[in-house]
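In the UniProt record's numbering, the protein residues as written are 1 to 168.
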Amino acid sequence: EKEEQEEQEETNSPFQLPLGIREATDNDWDTIWALELAHREYVDKTSFCPDFQSVCLLEKSVLEKMMRGRMSSKAWKVLLCNDDAIIMGNIRKQGAIDVGYIKELFVKETARRSGVGTVLLETLMSWFTAKGITYVTLSVIDNNPVAVNFYEKHGFRTYVQAMVKKTS
């Protein structure tokens with residue numbers, strides 16, 4: 001009965017996908033993996049934090065299992081724009097409130113500055129709003145000025161500064 005009520009709320013939700021944006025499904029795994037490889041290549045090329053970044057990478061099979069779990073979860077939203085861009089976020093408890101968290105936004109270099117990132121971000125923000133979320137957080141590598149400026153342009157502000165140090 002509760003599941004049926006949640007499905008009804010989903011149907012009545014004001015959240016709608018704009019033209020060109022789709023929810024990722026199991027059939028999109030190859031596209032997601034191609035975007036992941038492009039993202040890894042971009043990080044390697046720009047060397048924002050290569051030592052730390054490389055140890056955080058997941059093997060393909062591990063990432064696939066994790067992504068399939070996210071795509072089937074009501075707490076996660078994974079959106080694609082054609083085969084050029086991906087955004088994913090989820091809703092999590094933080095203290096007494098539910099908070100939105102943007103886990104990843106990546107746009108292929110060939111699709112940058114076309115508005116795709118903005119459309120994906122606005123679409124995910126609409127989903128958060130439809131779910132009653134009033135605060136959304138994200139992490140961005142601070143020496144990636146393009147990403148920092150993008151998020152600031154969309155109203156995000158620095159709240160916490162995370163730091164990393166190699167121990168050996």
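Where a beta carbon is used, it is the ideal one built from N, C-alpha and C, also for glycine.
*Starting from residue 149, trace the alpha helix (DSSP H) both ways and give me its first and last residue.*
Note, residue 149: alpha helix (DSSP H), 145-153.
*Return the chain-ordered list of same chain residues with a C-beta closer than 7 Å to the C-beta of residue 124, the five sequence neighbours on each side being excluded.*
Excluding five sequence positions before and after residue 124, the CB atoms of its chain that fall closer than 7 Å to its own CB belong to 77, 79, 87, 89, 102, given in chain order.
*asked:* For residue 120, count the other beta carbons within 10 Å of its own beta carbon; 16 or more makes it buried, fewer makes it exposed. Which is it?
replied: Residue 120 should be labelled buried.
*asked:* Would residue 34 and residue 67 be called neighbours here (beta carbons separated by less than 9 Å)?
replied: Using a Cβ distance threshold of 9 Å, residue 34 and residue 67 do not count as a contacting pair.
*Can you name, in chain order, every residue of its own chain whose Cβ lies under 8 Å from the Cβ of residue 110, other than the five neighbours on each side?*
Counting only Cβ-Cβ distances below 8 Å, and skipping sequence neighbours, we find 84.
*Give me the Cβ distance between residue 131 and residue 97, rounded to the nearest whole Å; I'm assuming they're in contact under 8 Å.*
Actually they are not in contact, since the Cβ atoms of residue 131 and residue 97 sit about 12 Å apart, beyond 8 Å.
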